[in-house]
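Just below is one structure, and these are the notes that go with it.
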Amino acid sequence: TTRIEQAWDRILQVDGQVLDDIATKSRATTKKLKVTFLLAKQARPCWAPLACWRAGGSRFSKKGKIVQKSRDIEEVYGLAEKVSPCFQLFMKQWNVIGDLYSGTLKTSSRAIQKTVRSYDRDPSCLTDLVRCTIIVKTLTDLNEWLERLEVYSEVATQLLPEEEEEEKKEKVESRMSSDLGQRRRGWKAIRRGGSLSTRMDSHPQRLCQDGRWRIISTRFCYHLNL
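Set out below in C-alpha cells:
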C-alpha cells in the first residue's frame with residue numbers, strides 16, 4: 004500500500020463513523036432526487052406548454068437528468084456568464100465552513116469534448132458550466148457542510164416517511180459494519196452524487212536530509228466542487 008492509502012486507513016479508523024453518516028445522507032438525497040425527477044417527467048406530457056419548447060421533449064434527458072432550455076451552446080454559455088457572478092456572490096455569503104474559491108466557467112474545449120463523448124452532441128445537457136470549490140480539512144467539517152446544505156435543500160428536507168425509515172436502518176447497519184471496503188464504497192458514492200462532487204487531495208510535507216527529500220507527514224484536504 005502507498006503512504007496515501009495508509010494515511011486514509013488511519014483517517015477511517017478515527018472518523019469512519021462520520022464517513023458512514025455522510026454516505027447515508029448522500030444515498031438518501033440522491034434517491035429522493037431521482038424520484039422527484041421521475042415524477043416531474045411523468046407529470047409533463049410532451050404537449051404541455053412547459054415542455055413543448057424542446058421539439059416534443061421535456062426538461063429531462065433519457066437518464067432523468069435535468070437539462071438546459073436551449074440546445075445552442077453559445078446561448079448556454081451566454082446564460083452561464085450572466086449567472087456565474089450572482090452564484091459566486093451567493094456562495095461567498097452563504098458558506099461558513101471551509102475556504103471558498105470562486106471558479107471560472109468550464110472551458111469551451113472541455114465542454115465540447117464532454118458534449119460529444121457523453122451527451123450525444125446535445126449541449127443542453129451541460130449543467131456544470133458555473134463552478135466553485137470549497138476546501139475543508141477534516142471529515143467532520145465536510146459532514147457539517149453537507150448538513151448545512153441539507154437544511155437549505157428543498158429536496159433533502161422533504162424525504163418521504165418510508166425513506167426516513169430506510170435511512171435510519173442504513174445508519175444502524177453502517178454502524179454495525181467494520182468493513183473498510185464498504186466505507187470506501189460509501190466514499191465513492193459521495194463522489195458520484197450529482198453536480199456536487201468531492202475529492203481528497205494529499206499535501207505531503209517534505210524534509211531534506213543528507214541531500215534527499217523525505218516525506219515526514221501528509222496533510223489531507225477535502226474539496227467540494229459545485
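The opening residue of the sequence shown carries number 4 in this note's numbering; numbering runs sequentially from there.
Ideal Cβ positions, reconstructed from N, Cα and C, are used throughout, including at glycine.
As the structure is a prediction and not an experimental result, all values here were calculated from the model.
In this model, residue 149 and residue 10 are separated by some 23 angstroms (Cα to Cα). Between the C-alpha atoms of residue 23 and residue 5 there is a straight-line separation of about 23 angstroms. Under the Cβ criterion (8 angstroms, minimum of three pairs), the segment 65-82 does not count as touching the segment 97-106. As the crow flies, the alpha-carbon of residue 78 is around 22 angstroms from that of residue 105.
Between residue 129 and residue 76, the C-beta gap is smaller than 9 angstroms, which places the two residues in contact. Taking a contact as a CB-CB distance under 8 angstroms, the pair residue 108 and residue 132 counts as one, their CB atoms being some 5 angstroms apart. As for any beta strand (DSSP E) of minimum length 3 sitting wholly inside the segment 66-134, the runs are 102-105, ordered along the chain.
Residue 92 holds the alpha-carbon nearest to the alpha-carbon of residue 135 among 92, 113, 20, 116.
Shown here, residue 136 sits in a strand according to DSSP, grouped into three states.
For residue 143, the enclosing alpha helix (DSSP H) begins and ends at 142-154.
For the pair residue 26 and residue 110, the Cα-to-Cα distance works out to about 31 angstroms.
In the displayed model, residue 27 falls within a helix according to three-state DSSP.
An exposed status is given to residue 17, since fewer than 16 other beta-carbon atoms sit within 10 Å of its beta-carbon. Across the structure, residue 31 and residue 40 are spaced so that their CA atoms are roughly 14 angstroms apart. With contacts defined as CB atoms closer than 9 angstroms, residue 81 and residue 140 fail to qualify as a contacting pair. DSSP places residue 32 in the helix class (H, G or I) of the three-state scheme. Residue 5 carries a coil assignment under DSSP once its states are collapsed to helix, strand and coil. Excluding sequence positions up to five before and after residue 143, its CB lies within less than 7 angstroms of the CB of 18, 21, all in the same chain and listed in chain order. Around the C-beta of residue 126, 16 or more other C-beta atoms lie within 10 Å, and the residue is accordingly described as buried.
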